[in-house]
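Numbering-wise (our numbering), the sequence shown opens with residue 14 and increments by one.
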Amino acid sequence: MRYLAILDCPVIFSGENSYGMTSIDMCPSTGITGGLISRHIKVVDGRLIAVCIWTSEFCARVFFDAAWYQKAAELWDDQYQLRLEAIDEQAA
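Given below as structure tokens:
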């Protein structure tokens, strides 16, 4: 069963944090991240919205692990949302 991840976060730049990361660096990359089928990114009013489709929940959870959440908390504090859910392919 495919799995959906939607990330909504502020746009940050590498000089704004101790990790030297941008918001896009926190997103999985198609062709590099195992199990990622597609990734769509849009920036609206200073916020990045990333929609990712995974082959399975396991692959999504491997990427969005405890270390990812730790970095997210430092980069965005409580100004981000990550939604993870199964895709009901029969309903689609």
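Glycine residues also receive a C-beta, built at the ideal position from the N, C-alpha and C atoms.
Taking Cβ positions, are residue i and residue j nearer each other than 8 angstroms?
i	j	result
Ser-36	Ile-45	no
Tyr-32	Leu-95	no
Gln-92	Cys-40	no
Thr-68	Ile-54	no
Ser-27	Met-34	yes
Pro-77	Leu-97	The question names Pro, but residue 77 is Phe in the sequence shown. Yes; because the gap between Cβ atoms is below 8 angstroms, this pair is in contact.
On the three-state DSSP scale, how would you describe residue i?
i	result
Val-24	coil
Asp-90	coil
Val-74	Strictly speaking, residue 74 in this sequence is Arg, with Val absent from that position. In this structure, Arg-74 counts as helix in the three-state DSSP scheme.
Ala-105	Only weak support is given to the placement of Ala-105: the predicted model assigns it a pLDDT of 49, under 50, and the question is left unresolved by the model.
Would you decide whether residue i is buried or exposed? Buried here means 16 or more other CB atoms lie within 10 Å of its CB.
i	result
Ala-86	exposed
Gly-48	buried
With which residues is residue i paired in a DSSP beta bridge?
i	result
Val-52	One detail in the question is off: residue 52 reads as Arg in this sequence, not Val. Cys-65.
Glu-16	It is Tyr, not Glu, that sits at residue 16 in the sequence shown. Trp-67, Ala-99, per the DSSP bridge assignment.
- Could you tell me whether the segment 66-82 touches the segment 15-24, where touching means 3 or more Cβ pairs closer than 8 angstroms? yes
- Query: Given 8 angstroms as the limit, is there contact between the segment 56-64 and the segment 75-88, that is, 3 or more CB pairs closer than that?
  - Reply: no
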